[in-house]
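With the first letter of the sequence shown counted as 1, position 44 gets the number 78 in our numbering; the numbers rise by one all the way through.
All C-beta atoms in this analysis are idealised placements derived from N, C-alpha and C, irrespective of residue type, glycine included.
So the structure is just underneath, and the comments pick up after that.
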Amino acid sequence: LDISLAVSQVNIVDVVSETRAPRSLAAFSYTVHVPDLATLRAVVASVLAVDDVFQIIRGSIDHLKRDYGEDGFWRLASGPRDKFGAIAPSRAFDNDSSNL
Numbered sequence: 035l036d037i038s039l040a041v042s043q044v045n046i047v048d049v050v051s052e053t054r055a056p057r058s059l060a061a062f063s064y065t066v067h068v069p070d071l072a073t074l075r076a077v078v079a080s081v082l083a084v085d086d087v088f089q090i091i092r093g094s095i096d097h098l099k100r101d102y103g104e105d106g107f108w109r110l111a112s113g114p115r116d117k118f119g120a121i122a123p124s125r126a127f128d129n130d131s132s133n134l
């Protein structure tokens, strides 16, 4: 629900969600229309501010699964890790928010 509220400031075209196992990893794919770059940046900041959101990856669940395979996709969904295995800080679009 928190993610939906964060995204609700723009036109949501489609939402897809997948859960690996109950009470486990979940992935959400939002297709949105934004009027300008400033709005996109605001939406990204709002989503990353939601607890338990640690990254935004550009692409659909289907395309990511095709590119990385089922296990690779869920490794992406389990979060970026630092060299000690701890979840790394939030990031947008694969660590490169300059393309927003």
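Annotation for Ala-60: Thr-53 place their beta carbon closer than 6 Å to its own, counting only its chain and skipping 5 residues before and after. Cα atoms of Asp-70 and Val-81: separation of roughly 17 Å, rounded to the nearest angstrom.
In this structure, the straight-line span from the alpha carbon of Phe-88 to that of Val-47 is close to 23 Å. Per DSSP, the unbroken alpha helix (DSSP H) holding Val-78 starts and ends at 71-82.
Excluding sequence positions up to five before and after Tyr-102, its CB lies within less than 7 Å of the CB of Leu-110, all in the same chain and listed in chain order. In this chain, the alpha helix (DSSP H) harbouring Asp-96 covers 95-111. By the criterion of a C-beta distance shorter than 8 Å, Phe-107 is surrounded in its chain by Ala-61, Ile-95, Leu-98 and Lys-99, once the five residues flanking it on both sides are discounted. About 6 Å separates the beta carbon of Val-77 from that of Val-44, a gap short enough to meet the 8 Å contact definition. Membership of Asp-36 in the alpha helix (DSSP H) is indicated by the continuous run 36-41.
Per DSSP, Ile-46 is one residue of the beta strand (DSSP E) stretching across 45-53.
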